[in-house]
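Participant:
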């Protein structure tokens with residue numbers, strides 16, 4: 127099956143700093159989503175981005191499907207950005223989401 | 052519009068018991084998927100239902116089962132609980148028939164502890 131690798135596994139930032147989170151995948155994908163898992167466990171949708179670039183406030187994402195990677199950018203980080211960020215992909219029309227292991231982000235005041 | 056609702060939020064069971072978890076999708080969504088999250092294995096797919104039919108199943112033993120009702124609500128059942136079944140169980144709903152073309156929205160999860 128498809129492999130999804132996220133890097134770095136852990137990231138510590140000072141409030142106000144910028145960061146880039148990476149997701150590499152081993153096969154072509156039809157669906158790619160970025161999630162933020164809050165402290166209570168809920169996965170919050172950030173982006174649906176199988177290709178191209180999107181922006182939402184301080185967050186933006188780019189997926190280069192031909193090179194099999196996606197990047198999540200966080201600018202001017204805030205303590206509330208702390209948590210685990212997951213990238214997940216689907217390779218078939220009706221198959222499951224395959225998740226990476228996540229990136230744990232800690233933003234210090 | 053209400054989000055994906057999972058009940059109960061927390062459960063404590065003992066080994067050998069069985070448990071049923073419930074998921075109500077976003078209104079109008081017809082696909083419901085279930086995932087198990089553990090510290091060791093991460094997020095793993097259990098099964099997916101669309102219009103009351105199981106379309107896809109993950110690599111879990113037969114003790115894990117599910118169903119979907121005509122109103123798209125879904126339940127999953129775990130029989131003969133084992134300590135390793137302790138996990139966060141997450142449900143996701145999606146509006147369309149093709150999962151690849153639609154966003155999946157997750158509920159807050161049910162945290163199951165097996166003692």
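Residue numbers (the numbering used here), protein chains in the order written: chain Y, 127 to 235; chain S, 52 to 166.
Here a beta-carbon is modelled for each residue, glycine too, at the ideal position from N, C-alpha and C.
1. What are the residues in the stretch 197-231 of chain Y lying within 9 Å of chain S by C-beta distance?
2. Judging by CA-CA distance, which residue of S:102, S:128, S:120 is the nearest neighbour of residue 112 (chain S)?
3. Just checking: is the beta-carbon of residue 156 (chain Y) within a distance shorter than 8 Å of some beta-carbon in chain S?
4. What are the residues that DSSP puts in a beta bridge with residue 216 (chain Y)?
5. Under a CB-based cut-off of 8 Å, is residue 168 (chain Y) close to chain S?
6. Kindly indicate the opening and closing residues of the beta strand (DSSP E) around residue 65 (chain S).
7. Which parts of the stretch 144-196 of chain Y are runs of the beta strand (DSSP E), unbroken and 3 residues or longer, counting only runs that do not cross its ends?
8. Alpha carbon to alpha carbon, how far is residue 174 (chain Y) from residue 159 (chain Y)?
9. Does the distance from the CB of residue 236 (chain Y) to the CB of residue 235 (chain Y) come in under 8 Å?
10. Within this structure, are the beta carbons of residue 141 (chain S) and residue 165 (chain S) separated by less than 8 Å?
11. Could you tell me the distance, in whole angstroms, from the CA atom of residue 187 (chain Y) to the CA atom of residue 67 (chain S)?
12. Less than 7 Å between C-beta atoms, sequence neighbours within five positions excluded: which residues of the same chain meet that for residue 95 (chain S)?
13. Would you say residue 156 (chain Y) and residue 176 (chain Y) are within 8 Å of each other, going by their C-beta atoms?
Facilitator: On the basis of the supplied data:
1. Residues of the stretch 197-231 of chain Y whose Cβ lies closer than 9 Å to any Cβ of chain S, in chain order: 212, 214, 216, 217, 218, 219, 220, 221, 222, 223, 224, 225, 226, 227, 228.
2. Position 61 of the second chain holds residue 112 (chain S). Looking at the Cα atoms, S:128 is the closest of the given residues.
3. Here residue 156 (chain Y) is taken as the residue at index 30 of the first chain, counted from 1. Yes, contact with chain S.
4. What you label residue 216 (chain Y) is simply residue 90 of the first chain in a count that begins at 1. Y:157, per the DSSP bridge assignment.
5. Position 42 of the first chain, counted from the start, is the residue given in the question as residue 168 (chain Y). True, the Cβ-Cβ gap to chain S drops below 8 Å.
6. On the second chain, position 14 is the one that residue 65 (chain S) refers to. Note, residue 65 (chain S): premise wrong, no beta strand (DSSP E); not H, not E.
7. 145-151, 157-163, 169-174, 178-182, 185-190
8. Position 48 of the first chain, counted from the first residue, corresponds to residue 174 (chain Y). Position 33 of the first chain, counted from the first residue, corresponds to residue 159 (chain Y). Spanning the alpha carbons of residue 174 (chain Y) and residue 159 (chain Y) requires a straight line of approximately 5 Å.
9. Residue 236 (chain Y) lies beyond the stretch modelled for chain Y, which goes from 127 to 235, so this question has no answer here.
10. Here residue 141 (chain S) refers to the residue found at position 90 when the second chain is read from its first residue. Here residue 165 (chain S) refers to the residue found at position 114 when the second chain is read from its first residue. Not closer than 8 Å, so no.
11. Stepping through the first chain from its first residue, residue 187 (chain Y) is reached at position 61. Stepping through the second chain from its first residue, residue 67 (chain S) is reached at position 16. Their Cα atoms are separated by approximately 45 Å.
12. To locate residue 95 (chain S), count along the second chain from 1; it is residue 44. Cβ within range, chain order: 86, 87, 109.
13. For the purposes of this step, residue 156 (chain Y) is taken as residue 30 along the first chain, with counting starting at 1. For the purposes of this step, residue 176 (chain Y) is taken as residue 50 along the first chain, with counting starting at 1. It is a contact, given that the beta carbons lie within the stated cut-off.
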